[in-house]
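Residue numbers (my numbering), protein chains in the order written: chain B, 5 to 253; chain U, 5 to 253.
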């Protein structure tokens, strides 16, 4: 499986992805799921991928080739991020259908975000069907892959006016919760922090499996959660609880 | 959907279930998923159900009928909890297959637990296929239905020597996290706390949709989690973080 997320804030974008792929529990490998495209000062894009690895590699190769040969539509000449997301969705559909077998298709989904000079930053979730959704003020993040374990903390913490540091920490905590509960999500963890209007991707980090930072984050969050739980008022078992709080049946 | 869980401790058992059923988003109803069987001083069982409502109601009706008519195998004459779980699994399979259509079967799963006099308390998760698993010291809980959102807190807090109060609070926090993230899980929330060797079910609670206790629990846990997050050390963006913690790429 996979866990990737993007957070869209007034001050920029945060992208985070794991690197574990598996085709059965004894066929586990490490592949980066974070791909970047751009020219400094003009446009920067980040693509996070989930799903069939042959399809996602095929899509990335096609995007790169279209840039290289100067195809009529490519990431370097797309006029808007929405146009670019449409194009990525179309390439995805083409790659998914190329090796159809027995009526099944090899699905992939993506998070695609970044900024084109003169336009605001955006992030989109591109479905296997090629259509896509973006973030909103109420839901300033997007997830693909194993999204449930790490969703509650995003819902509680993130707002469009959160700063990039808070959002990055929140992304890493969300990733930690997911890794803890699901073996098919694992390091290296890759991270890009994009400052709005910078039009360059110079804050890219990679945490290896033995990363001291990841280990410390995990221990501290575990402690903080346990302390939070133990700070909860105990249930009072008396008459008050039965009548005012619940109904005893 | 559904969320039910049971926790097995040295000091007893905790059972918790939601009551929302749905067949599509505009066909939402409330049904208790918590059923009890027993005779004080001899044996007590709690059954939590998930899956096709016609199947789960059919199973419960059959269990009750078998007790009433004194069937050769019923919950009141089963020699062990494992035997009883086998029997519930067999009844489930029978009901699932009774209305098979188009090759599909109407699956249900259960958590079944309790105590028979002279034997230790136990809880089992009964699969649609009729087989079942019990808890262990490492995993002292069982879940059915929408289990992912509420799993992390169970993993972090529960041990076999946790007391019943802590485990109950943990079950309710787990239920709260699930309700917050999934609309198909909802109140009334039902709760049974079973004291080991009591052989009676006299601690049963039900929290209605407007419950002050549930609302307060939700607000306090939200505050506690946010405080926990904001107590985390900020990421240091300098050279130390890049080199010692992650690898800048």
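Glycine included, every Cβ here is placed at the ideal spot set by N, Cα and C. Quick caveat: nothing in here was measured; it's all calculated off a predicted structure.
Check whether the stretch 177 to 196 of chain B and the stretch 206 to 218 of chain B are in contact - that is, three or more C-beta pairs closer than 8 angstroms. Contact between the stretch 177 to 196 of chain B and the stretch 206 to 218 of chain B is present: three or more C-beta pairs spanning the two stretches fall below 8 angstroms.
Return the bridge partner residues of residue 105 (chain B) from the DSSP annotation. To locate residue 105 (chain B), count along the first chain from 1; it is residue 101. In DSSP, residue 105 (chain B) forms a bridge with B:108.
Check the Cβ of residue 232 (chain B) against every Cβ in chain U and list those closer than 7 angstroms, keeping chain order. Taking the first chain and counting its residues from 1, one reaches residue 232 (chain B) at position 228. Within 7 angstroms of the CB of residue 232 (chain B), the CB atoms of chain U belong to 228, 229, 231, 232, in sequence order along the chain.
Are the stretch 61 to 74 of chain B and the stretch 19 to 26 of chain B touching, with three or more C-beta to C-beta distances below 8 angstroms? Contact fails: fewer than three Cβ-Cβ distances are below 8 angstroms.
Where residue 173 (chain B) meets chain U, residues with beta-carbon distance less than 8 angstroms: In the first chain, residue 173 (chain B) corresponds to position 169, counting from 1. Result: 233, 236, 238, 239.
What residue range is occupied by the uninterrupted beta strand (DSSP E) comprising residue 149 (chain U)? Translated into positions along the second chain, residue 149 (chain U) becomes position 145. Counting along the chain, the beta strand (DSSP E) containing residue 149 (chain U) begins and ends at 145 to 149.
Starting from the beta carbon of residue 24 (chain B), find every residue of chain U whose beta carbon is closer than 7 angstroms, and list them in chain order. Taking the first chain and counting its residues from 1, the one referred to as residue 24 (chain B) is at position 20. Residues of chain U passing the Cβ test: none, with the nearest at roughly 17 angstroms.
Using only alpha-carbon positions, find the residue among B:76, B:172, B:78, B:113 that is nearest to residue 237 (chain U). The count along the second chain starts at 1 and reaches residue 237 (chain U) at position 233. Per the Cα distances, B:172.
Pick from U:207, U:41, U:186, U:35 that is closest to residue 195 (chain U), judged by C-alpha positions: Indexing the second chain from 1 puts residue 195 (chain U) at position 191. Of U:207, U:41, U:186, U:35, the smallest CA-CA separation from residue 195 (chain U) is found for U:207.
C-alpha gap between residue 124 (chain U) and residue 46 (chain U), whole angstroms: Position 120 of the second chain holds residue 124 (chain U). Position 42 of the second chain holds residue 46 (chain U). Approximately 13 angstroms, taken between the alpha carbons.
Touch test, the stretch 133 to 143 of chain B against the stretch 83 to 98 of chain B, Cβ-Cβ under 8 angstroms, three pairs minimum: Using a Cβ-Cβ distance cut-off of 8 angstroms, the stretch 133 to 143 of chain B and the stretch 83 to 98 of chain B are in contact, since at least three pairs of beta carbons, one from each stretch, lie closer than that value.
In the structure shown, what three-state DSSP assignment does residue 5 (chain B) receive? Within the first chain, numbered from 1, the residue matching residue 5 (chain B) stands at position 1. DSSP, read as helix, strand or coil, puts residue 5 (chain B) in coil.
Hey, could you find the ends of the alpha helix (DSSP H) residue 177 (chain B) is sitting in? In the first chain, the residue the question calls residue 177 (chain B) occupies position 173. If you look at residue 177 (chain B), you'll find it in the alpha helix (DSSP H) that goes 168 to 185.
Closer than 8 angstroms by C-beta to residue 199 (chain B): which residues in its own chain qualify, once you throw out the five before and the five after it? Chain order, please. As a working mapping, residue 199 (chain B) is identified with position 195 in the first chain. Closer than 8 angstroms at the Cβ level, and outside the excluded window around residue 199 (chain B), lie 15, 16, 168, 207.
Taking 8 angstroms as the threshold (C-beta atoms), are residue 114 (chain U) and residue 96 (chain U) in contact? Translated into positions along the second chain, residue 96 (chain U) becomes position 92. Translated into positions along the second chain, residue 114 (chain U) becomes position 110. Cβ atoms of residue 96 (chain U) and residue 114 (chain U): closer than 8 angstroms.
Positions along the stretch 142 to 154 of chain B whose CB lies within less than 7 angstroms of some CB in chain U: Those residues of the stretch 142 to 154 of chain B that come within reach of chain U (Cβ to Cβ, closer than 7 angstroms) are 152, 153.
Look up residue 32 (chain B) in the DSSP assignment and give the residues it is bridged to. Numbered from its first residue, the first chain carries residue 32 (chain B) at position 28. According to DSSP, residue 32 (chain B) bridges with B:26.
Residues that residue 194 (chain U) bridges to, as DSSP identifies them: Along the second chain, read from residue 1 onward, the residue named residue 194 (chain U) stands at position 190. Residue 194 (chain U) is bridged to U:21, U:210.
Given a threshold of 16 other Cβ atoms within 10 Å of its Cβ, counted over all protein chains shown, does residue 163 (chain B) qualify as buried or as exposed? The residue you call residue 163 (chain B) lines up with position 159 of the first chain. Within a 10 Å sphere around the beta-carbon of residue 163 (chain B) sit fewer than 16 other beta-carbons, which makes this residue exposed.
Got a sec? Which residues, its chain only, sit under 6 angstroms from residue 249 (chain B) by beta carbon, not counting five neighbours each side? For the purposes of this step, residue 249 (chain B) is taken as residue 245 along the first chain, with counting starting at 1. Note on residue 249 (chain B): pLDDT 41, under 50, position unreliable in the model; the coordinate value appears next. Correct list: empty, nothing qualifies.
Spatial distance of residue 189 (chain U) from residue 6 (chain U) (CA atoms): Stepping through the second chain from its first residue, residue 189 (chain U) is reached at position 185. Stepping through the second chain from its first residue, residue 6 (chain U) is reached at position 2. Their backbone Cα atoms lie some 5 angstroms apart in a straight line.
Where residue 162 (chain U) falls: helix, strand or coil (DSSP): Here residue 162 (chain U) is taken as the residue at index 158 of the second chain, counted from 1. Three-state result, residue 162 (chain U): coil.
Quick one, are the C-beta atoms of residue 127 (chain B) and residue 232 (chain B) less than 8 angstroms apart? Counting from one through the first chain, the residue named residue 127 (chain B) turns up at place 123. Counting from one through the first chain, the residue named residue 232 (chain B) turns up at place 228. Here residue 127 (chain B) is not near residue 232 (chain B), since their CB atoms are 8 angstroms or more apart.
Over the uninterrupted alpha helix (DSSP H) stretch that includes residue 63 (chain B), give me the two end residues. Reading the first chain from its first residue, position 59 is the one you call residue 63 (chain B). For residue 63 (chain B), the uninterrupted alpha helix (DSSP H) run begins and ends at 57 to 72, by DSSP.
Which residue wins for smallest C-alpha separation from residue 48 (chain B), given the options B:19, B:102, B:146, B:98? Stepping through the first chain from its first residue, residue 48 (chain B) is reached at position 44. Of the listed residues, the one whose Cα sits closest to residue 48 (chain B) is B:19.
Residue 130 (chain U) beta carbon less than 8 angstroms from that of residue 154 (chain U): Reading the second chain from its first residue, position 150 is the one you call residue 154 (chain U). Reading the second chain from its first residue, position 126 is the one you call residue 130 (chain U). Their beta carbons are not under 8 angstroms apart, which means residue 154 (chain U) does not touch residue 130 (chain U) by this criterion.
Across which residues does DSSP place residue 119 (chain B) in a beta bridge pair? As a first step, residue 119 (chain B) is located in the first chain; it is residue number 115 there, counting from the start. Looking at the DSSP assignment, residue 119 (chain B) forms a beta bridge with B:48.
Quick one: what's residue 114 (chain U) bridged to in DSSP? For the purposes of this step, residue 114 (chain U) is taken as residue 110 along the second chain, with counting starting at 1. Answer by DSSP bridge pairing, in chain order: U:53, U:130.
Whose CA, out of U:185, U:160, U:119, lies closest to the CA of residue 150 (chain U)? For the purposes of this step, residue 150 (chain U) is taken as residue 146 along the second chain, with counting starting at 1. Comparing Cα positions, the closest option is U:185.
Using a Cβ-Cβ distance cut-off of 8 angstroms, determine whether residue 184 (chain U) contacts chain B. If you number the second chain from 1, residue 184 (chain U) lands on position 180. Yes, its Cβ sits closer than 8 angstroms to a Cβ of chain B.
Looking at C-alpha atoms only, which residue of B:225, B:36, B:30, B:13 is the closest neighbour of residue 192 (chain B)? Position 188 of the first chain, counted from the start, is the residue given in the question as residue 192 (chain B). B:36 is the residue among B:225, B:36, B:30, B:13 whose C-alpha sits nearest the C-alpha of residue 192 (chain B).
For the alpha helix (DSSP H) holding residue 233 (chain U), just list the boundary residues, first then last. For the purposes of this step, residue 233 (chain U) is identified with residue 229 of the second chain, where counting begins at 1. Per DSSP, residue 233 (chain U) belongs to the alpha helix (DSSP H) from 216 to 234.
From residue 227 (chain U) to residue 134 (chain U), what distance separates their C-alpha atoms? The residue given as residue 227 (chain U) occupies position 223 in the second chain. The residue given as residue 134 (chain U) occupies position 130 in the second chain. Residue 227 (chain U) and residue 134 (chain U): Cα-Cα distance of roughly 42 angstroms.
With 16 other Cβ atoms within 10 Å as the buried cut-off, status of residue 74 (chain B): Here residue 74 (chain B) corresponds to residue number 70 of the first chain, with the count starting at 1. A residue is called buried once 16 or more other Cβ atoms fall within 10 Å of its Cβ, and residue 74 (chain B), having fewer, is exposed.
8 angstroms Cβ cutoff, residue 181 (chain B) in contact with chain U: Position 177 of the first chain, counted from the first residue, corresponds to residue 181 (chain B). Residue 181 (chain B) counts as touching chain U.
Proximity winner among B:40, B:187, B:145, relative to residue 118 (chain B) (alpha-carbon distances): By one-based count along the first chain, residue 118 (chain B) stands at place 114. Ranking B:40, B:187, B:145 by Cα distance to residue 118 (chain B) puts B:40 first.
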